[in-house]
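The sequence shown begins at -2 in the numbering used here and counts up one residue at a time. Worksheet for the structure shown next.
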Amino acid sequence: MKKRNILGAGLALGLMAVTNVNAQTKNENSDLQQLKAVVASHPDSLEAHQRFIEAFRKSIPGASFRNADSVTSLLAGQYAAWMKKYPKAANVAFAIGEAYADAESPKAKTYLLQAVKINPQLAKAWRDLAFDAERWGNESMSREYMGKAAAAAPDDPSYAFYHAMDFEHVDPGKWRNMIYDLAKRFPQSERGAQGLYWLGARSNDTTEKVKVFEQLKAAYPPEKFSWSSGGMDGLYNIYMNTTPGKALELATSLSNLEGWKAKDTLARKFISVHQALDNHQYQQAGEILRGIRLPRYSSLKNALVLLTAQAAHGAGNTAEAYRGLTELYAKEPTDAIKAALDNYSKLLGKNENDVSKDVWAIRAQTTKPAPGFNLPQYLQSGNASLEHFKGKVVLLTFWFPGCGPCRGEFPHFQNVINKFSKDEVVYVGINVAMDQDPYVRPFMKGTGYSFIPLRDEKEEAQKAYKVRGEPSNFLIDQHGQLVFADFRTDGSNEQTLELMIGSLLSKGKN
-2 MKKRNILGAG
8 LALGLMAVTN
18 VNAQTKNENS
28 DLQQLKAVVA
38 SHPDSLEAHQ
48 RFIEAFRKSI
58 PGASFRNADS
68 VTSLLAGQYA
78 AWMKKYPKAA
88 NVAFAIGEAY
98 ADAESPKAKT
108 YLLQAVKINP
118 QLAKAWRDLA
128 FDAERWGNES
138 MSREYMGKAA
148 AAAPDDPSYA
158 FYHAMDFEHV
168 DPGKWRNMIY
178 DLAKRFPQSE
188 RGAQGLYWLG
198 ARSNDTTEKV
208 KVFEQLKAAY
218 PPEKFSWSSG
228 GMDGLYNIYM
238 NTTPGKALEL
248 ATSLSNLEGW
258 KAKDTLARKF
268 ISVHQALDNH
278 QYQQAGEILR
288 GIRLPRYSSL
298 KNALVLLTAQ
308 AAHGAGNTAE
318 AYRGLTELYA
328 KEPTDAIKAA
338 LDNYSKLLGK
348 NENDVSKDVW
358 AIRAQTTKPA
368 PGFNLPQYLQ
378 SGNASLEHFK
388 GKVVLLTFWF
398 PGCGPCRGEF
408 PHFQNVINKF
418 SKDEVVYVGI
428 NVAMDQDPYV
438 RPFMKGTGYS
448 FIPLRDEKEE
458 AQKAYKVRGE
468 PSNFLIDQHG
478 QLVFADFRTD
488 GSNEQTLELM
498 IGSLLSKGKN
């Protein structure tokens, strides 16, 4: 629970007394009564309410985030009484509204609206309303609410950051201008660095990426700002793919930061590989490449495989070059890898059909029957089962309305799905949070996403698919075979999902 130092002198004395009581006794009921008394003495103190609510939650056996909605509901009667007794104290309504909002509960909205009705300058309530509106699928209202939060607290960089980010998809030009203004207004805030980070990370223009990340480094020293440090990873990866010498300079300049000595070493190896290839020293290049181990999710994977293929081919082992490219393409297809694969396949006398067979032979090693499900639908009566979708490729995602990464991924899924016929591909989303059911229908209506929302009340599908977090994504072929799993889609790799689906459709037609 967040702590805020906003106590007046009288409240500070009251809380000091409560602290003394806590130190002297472990009687939770006594503690709650003391905290309740502090609230009664200072009904418009948010900190008093937060301490009371936090202590109440701790007094409930088994209380956790998963049941936070239900636990908070146990306080509804008390807060109804306080709201009636203290009608001008905005923080009474906001306190329980915030507790519900922290639990991502649909019940938050009523209390938050009451709070801003009493005090239109309550920026924190406008912020929570903005986040809540996203879960209802009302993005325009979310932007309006966050705009009110930013207006109510113009010196708070967090509200300015969130408000700027609201325009990324609806008005990219305005989004960019607001991010640059954010960085100008808040040169000492992580939020300014965060804005530039996301501007660079989400741009599809390499030139713009470099410009933004370099500005980020200059304005927000990576040694001081964590978002700037993260942005340097992006800049390093671009340099490694274009000018490894600059990657080395960057890594050397940041060598005092964790992980950058390893990046320095990696850049030197890449430079040595390029020099060896330029000098036709293919075996030497291959030896260096075999000694490189990238982190699991490194964006340099493609570059490494392409260099390895070039070294193998140059050393006279074109079959090895082809094999490495085939293995990567089978799991994470891209046009760049396919172009190289086609080049080496022709040198080996292989045609398109041969390449397809080789790719599918690799995929067959991990392909298995997809677990069945038969779950209630939200938008129409009856259940929907995996069997019901047989004959179509199924893009399956596990999500819940409060999941920010899920909501962030949906537009990219939709962009890809729109390229295929509804007769060939179906998009299914299984909600894993039943307490957020009230959000689902409005979310679907407000966003216009085309996935079919299903309800996993007994967690059967989650367990069958071994879901450990959301979003979790799977791609199932027309025959119910699970072919692709554990992938994420964003603005930089929509093409990979498109190629994955296209390959399933092509195979199905053969």
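A virtual CB, placed ideally from N, CA and C, is assigned to each residue, including glycine.
Annotated three-state conformation of residue 426 is strand, per DSSP. If you look at residue 302, you'll find it in the alpha helix (DSSP H) that goes 298 to 311. Around the beta carbon of residue 39, a 10 Å sphere encloses 16 or more other beta carbons of the protein chains shown; the residue is thus reported as buried. Per DSSP, the beta-bridge partners of residue 481 are 472. Residue range 390 to 396 is occupied by the beta strand (DSSP E) that includes residue 391. In the structure shown, residue 276 falls within a coil segment according to DSSP collapsed to helix, strand and coil.
Nearest to residue 108 by alpha-carbon distance, out of 70, 472, 27 and 438, is 70. Here the region 284 to 302 lies against the region 313 to 332, with 3 or more beta-carbon pairs under 8 Å apart. Taken in chain order, the complete beta strand (DSSP E) segments of 3 or more residues contained in the region 43 to 101 number zero; there are none. Residue environment: residue 145 is assigned as buried (16 or more neighbouring CB atoms within 10 Å of its CB, all protein chains considered). DSSP places residue 295 outside both helix and strand once states are collapsed to three, so it counts as coil.
In the structure shown, residue 402 adopts helical secondary structure according to DSSP, grouped into three states. Less than 8 Å separates the beta-carbon of residue 355 from that of residue 323.
Boundaries for residue 489: no alpha helix (DSSP H) harbours it, and the DSSP string shows neither H nor E there.
One Cα belongs to residue 154, the other to residue 285, and the distance between them is close to 46 Å. When DSSP states are grouped into helix, strand and coil, residue 415 belongs to the coil group. Counted as a single uninterrupted DSSP element, the stretch harbouring residue 372 is not any alpha helix (DSSP H) but the beta strand (DSSP E) occupying residues 371 to 373. Residue 231 and residue 462 have their C-alpha atoms roughly 32 Å apart. In this structure, the alpha-carbon of residue 82 lies about 10 Å from that of residue 37. Residue 130 has its alpha-carbon roughly 16 Å from the corresponding atom of residue 407. Positions of the alpha helix (DSSP H) runs, each at least 4 residues long and wholly inside the region 433 to 465, are given as 434 to 444 and 457 to 461 in order along the chain. For the 8 Å CB-CB criterion, residue 227 and residue 209 do not form a contact. Less than 8 Å separates the beta-carbon of residue 161 from that of residue 179.
Taking the Cα of residue 54 as reference, the smallest distance to any Cα among 80, 93, 87 and 495 is reached at 93. Between the alpha carbons of residue 127 and residue 504 lies a gap of roughly 45 Å. Distance from residue 467 to residue 397 at the Cβ level is roughly 6 Å; contact confirmed, criterion being Cβ atoms closer than 8 Å. For residue 30, the closest of 52, 402, 367 and 41 by C-alpha to C-alpha distance is 52. Under a 10 Å Cβ-count criterion, residue 448 is classified as buried, with 16 or more other Cβ atoms of the shown protein chains found around its own Cβ. Remark: C-beta atoms of residue 438 and residue 375 approach each other more closely than 8 Å. Boundaries cannot be given for residue 367, as no beta strand (DSSP E) includes it and DSSP labels it neither H nor E.
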